[in-house]
Amino acid sequence: MAMKASLQLRLGTQLTMTPQLQQAIALLQLSTLELRQEVQQALEANPMLELEEEFGEQAVGDTTEDDWASEIPDQLSTDSDWSDTYQDAGLTSTGSGEAPDFERQAAGQSLHSHLAWQLAMSGLDAPDIQVAESLIDAVNEDGYLDQPLDEIRQGLSAQGMTTLTSADVERVLQRLQQFEPTGVMARDLSECLMLQLAALPENTPRLPQARRVVRQFLEALANNDRSTLKRRLSLDEGALDETIELVRSLDPRPGSAFTSGDNDYVIPDLIARHDAQGWQVELNPEAMPRLRIQPDYAALIRRADKSQDNQFLKDHLQEARWLLKSLASRNETLLRVGHEIMARQIDFLEQGEEAMKPLILADIAQAVEMHESTISRVTTQKYIHTPRGVFELKYFFSSHVGDGGDAHSSTAIRARIRKLIQEEPPRKPLSDNKLVSLLADEGIEVARRTVAKYRESMNLPSSSQRKRLR
Numbered sequence: 277m278a279m280k281a282s283l284q285l286r287l288g289t290q291l292t293m294t295p296q297l298q299q300a301i302a303l304l305q306l307s308t309l310e311l312r313q314e315v316q317q318a319l320e321a322n323p324m325l326e327l328e329e330e331f332g333e334q335a336v337g338d339t340t341e342d343d344w345a346s347e348i349p350d351q352l353s354t355d356s357d358w359s360d361t362y363q364d365a366g367l368t369s370t371g372s373g374e375a376p377d378f379e380r381q382a383a384g385q386s387l388h389s390h391l392a393w394q395l396a397m398s399g400l401d402a403p404d405i406q407v408a409e410s411l412i413d414a415v416n417e418d419g420y421l422d423q424p425l426d427e428i429r430q431g432l433s434a435q436g437m438t439t440l441t442s443a444d445v446e447r448v449l450q451r452l453q454q455f456e457p458t459g460v461m462a463r464d465l466s467e468c469l470m471l472q473l474a475a476l477p478e479n480t481p482r483l484p485q486a487r488r489v490v491r492q493f494l495e496a497l498a499n500n501d502r503s504t505l506k507r508r509l510s511l512d513e514g515a516l517d518e519t520i521e522l523v524r525s526l527d528p529r530p531g532s533a534f535t536s537g538d539n540d541y542v543i544p545d546l547i548a549r550h551d552a553q554g555w556q557v558e559l560n561p562e563a564m565p566r567l568r569i570q571p572d573y574a575a576l577i578r579r580a581d582k583s584q585d586n587q588f589l590k591d592h593l594q595e596a597r598w599l600l601k602s603l604a605s606r607n608e609t610l611l612r613v614g615h616e617i618m619a620r621q622i623d624f625l626e627q628g629e630e631a632m633k634p635l636i637l638a639d640i641a642q643a644v645e646m647h648e649s650t651i652s653r654v655t656t657q658k659y660i661h662t663p664r665g666v667f668e669l670k671y672f673f674s675s676h677v678g679d680g681g682d683a684h685s686s687t688a689i690r691a692r693i694r695k696l697i698q699e700e701p702p703r704k705p706l707s708d709n710k711l712v713s714l715l716a717d718e719g720i721e722v723a724r725r726t727v728a729k730y731r732e733s734m735n736l737p738s739s740s741q742r743k744r745l746r
C-alpha cells in the first residue's frame, strides 16, 4: 500500500526563549554572591549602567521611551520548564548569545543544582525528566534519597502521571545513580557504598570481599567484630585489613562536599520579621547593589541622529533596560515564593523545627501558578534570615509522614527524635522501638525502619552504641 505525504497545520502556544528571557531565567538561578559578580561584569561592560547612590526610584523612569525600546514588556515571566532554559544557546550577562558555560555554572553550586545541571544534559525525555526532578528534590544534603519511591510515585500520579509505575520510578532512579558524585541518590548506606564499589575497576584488590562486607556485614564492621568478618569471609589478618581499608576509603556522605564550601559566605536574599501586623517577608536591601540608567548618556540619545556613537549608546541602553527588567522580575518572583513558603511555615517561626509542616514543590507551584522547576530554581541557594537563623528556602520543604490531618513533616519528626534522645536516661538509651512507641503516644505514627533511617541521617548512634559512648 503506497504512503501519501501530506502537510498539516497545527496551532499551539509555546514559550519563545529569546536571549533576554534566557537571561532572566539564568539570573533567577544564581545565588546572591554569583549575581553580584554578574552585576559587576555588567557595570564594567555597559556604560549606560551605574550604581544608584541613594535608595529611591531608579533614574530609568526619567528617560523617554523611544519606539526602538518599546519591545520590552511590562511583565517579564521567568516561569519555565528546565528544558526551556537549556535550548540551543546560553547567555552572558550582557545578552549576547554563546554556548552555555556549563562548567562555570556547576562550580560552587549546591548538590541539588549540580544534579539538576547533569539532568539538563542527560537526554532524558520529558516524562522521565519530571520523575527525575521529583527524585532530585527528595535528596538530602548528604546525597541520600530522603523519601520512599512509592510516595514519590503517588505524588507524581496526583500531578497527572496516572500511568506511572514503581518500575518506571526505579528505572529513572538507576539512571540518576550514575550521576556525580559517585554514590549519590542512594536509599541507604549499603546502596551508597555499593554504587561506589561498582565504579571501581574490576581488578581492584579485595573488591569482591568489600562488596560482601557492604552487602552483609556492615554492622559487624561498625562494631569492629574482626572475628566474625574473618570467619564469614575466610580471610586472614592481612587480607581483612586490606578489605576494611578499601571499604573505609569510600565516602558515606557523597553530597556533603557541596554544602561545606559556601556556608561562610551566605547572604540572605529575604528577611522574615514580626511586627504589629504579624509576620512580614521582604527583600534584603543589603543583598544587592541598586542599578540605574546613567542619566547623562541617556540624554544624549535624544538627539535622534544616526551616528555610529549614538547607535552604540542605543544598543547598550536596550541591554541595560533588559537587565534591570530581569533583576526586577527575579526579585518579584523570589518575594512571591518566599512569602508563600513562610505563610505555610509560620508555626516553625514561632515554635521551631518540631512544628514544621509537610511541604512539597507542587504545593508552592500551584499557589503561585508557576512550574515546579521554577520553584526549584528560586529556592536553591536562596536564603532567608529569620529570628531562628538563616536558612536556605529549600530547607522548608519536607515530605509528609502519615495520612490526612495526622500527617507530619519528616523535619518535625527528626526534631522530635533528636529531642527524645537528648532527654533519654543516660544509662538506659531509647531503642528505635521505644522511640516508635513514644512518637505514637504523641499522635505520630511512624514505622521503626523510618525512625532508624531518620536517626542515622542525623548521625545519631543506635541505643547500644549510645550506651557504650556514655
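So the sequence shown is numbered by the working numbering: it starts at 277 and just counts up by one. Glycine is no exception: its CB is placed at the ideal position from the N, C-alpha and C atoms.
Provide the residue span of the alpha helix (DSSP H) that contains residue i, from first to last.
i    : result
V644 : 637-644
R502 : 502-509
R690 : 686-698
L400 : It is not in any alpha helix (DSSP H) - L400 carries neither H nor E in the DSSP assignment.
E521 : 513-524
P484 : 483-492
Q627 : 622-627
K729 : 724-733
R653 : 648-655
What residue range is occupied by the uninterrupted beta strand (DSSP E) comprising residue i?
i    : result
I428 : Counting along the chain, I428 falls outside any beta strand (DSSP E), though it belongs to the alpha helix (DSSP H) covering 425-434.
T662 : 659-662
E668 : 665-668
I569 : 567-569
A548 : 546-551
E558 : 554-559
L275 : Any answer about residue 275 is impossible in this case: the structure gives the chain only from 277 up to 746.
L309 : Unbroken run through L309 is the alpha helix (DSSP H), 308-321; no beta strand (DSSP E).
L327 : 325-327
Rounding to the nearest angstrom, what Cα-Cα distance links residue i and residue j in this structure?
i    : j    : result
M734 : A474 : 26 Å
A318 : L304 : 16 Å
R694 : D717 : 16 Å
D444 : P424 : 14 Å
V666 : P544 : 7 Å
E558 : S605 : 15 Å
L309 : N586 : 34 Å
T662 : V712 : 32 Å
L471 : F455 : 11 Å
A486 : R549 : 52 Å
K590 : K601 : 16 Å
R731 : R703 : 19 Å
Q298 : L611 : 20 Å
Q657 : A723 : 33 Å
L669 : L476 : 36 Å
A631 : Q316 : 41 Å
E427 : K743 : 35 Å
S442 : R429 : 7 Å
S652 : E478 : 38 Å
E446 : D401 : 16 Å
G554 : A563 : 23 Å
E699 : R690 : 14 Å
L715 : L635 : 21 Å
A345 : Y573 : In this prediction, A345 has a pLDDT of 43, which is less than 50 and means its spatial position is unreliable; what the coordinates show is noted afterwards. If I take the Cα positions, the gap works out to 15 Å.
With a cut-off of 8 Å on the beta carbons, I'd call residue i and residue j a contact; round off their distance for me.
i    : j    : result
R664 : L603 : Actually they are not in contact, since the Cβ atoms of R664 and L603 sit about 29 Å apart, beyond 8 Å.
P565 : E518 : No, P565 and E518 are not in contact; Cβ-Cβ is about 56 Å, not under 8 Å.
L387 : F534 : 4 Å
V523 : L497 : 7 Å
L706 : I720 : Contact doesn't hold; Cβ gap of about 15 Å is too wide.
S738 : D422 : Not confirmed; about 20 Å, so no contact.
A638 : E648 : 6 Å
M437 : P403 : 7 Å
L567 : E328 : 6 Å
L440 : L452 : Not a contact, Cβ separation roughly 16 Å.
A408 : V448 : 5 Å
Q627 : F672 : With a Cβ gap of about 14 Å, Q627 and F672 do not count as contacting.
(message) Could you check whether the stretch 518-530 touches the stretch 404-421, counting it as contact only if at least three pairs of C-beta atoms, one from each stretch, sit closer than 8 Å?
(response) yes
(message) When you compare the stretch 489-499 with the stretch 463-477, are there three or more beta-carbon pairs, one atom per stretch, that lie closer than 8 Å?
(response) yes
(request) Inspect the CB distances between the stretch 313-327 and the stretch 590-600 and report whether three or more fall short of 8 Å. (result) yes
(message) Could you check whether the stretch 637-655 touches the stretch 615-623, counting it as contact only if at least three pairs of C-beta atoms, one from each stretch, sit closer than 8 Å?
(response) yes
(message) Counting beta carbon pairs with one atom in the stretch 500-517 and one in the stretch 392-401, are three or more of them shorter than 8 Å?
(response) no
(request) Pick out the complete alpha helix (DSSP H) segments inside the stretch 434-479, 4 residues or longer, and give them in chain order. (result) 442-452, 465-474
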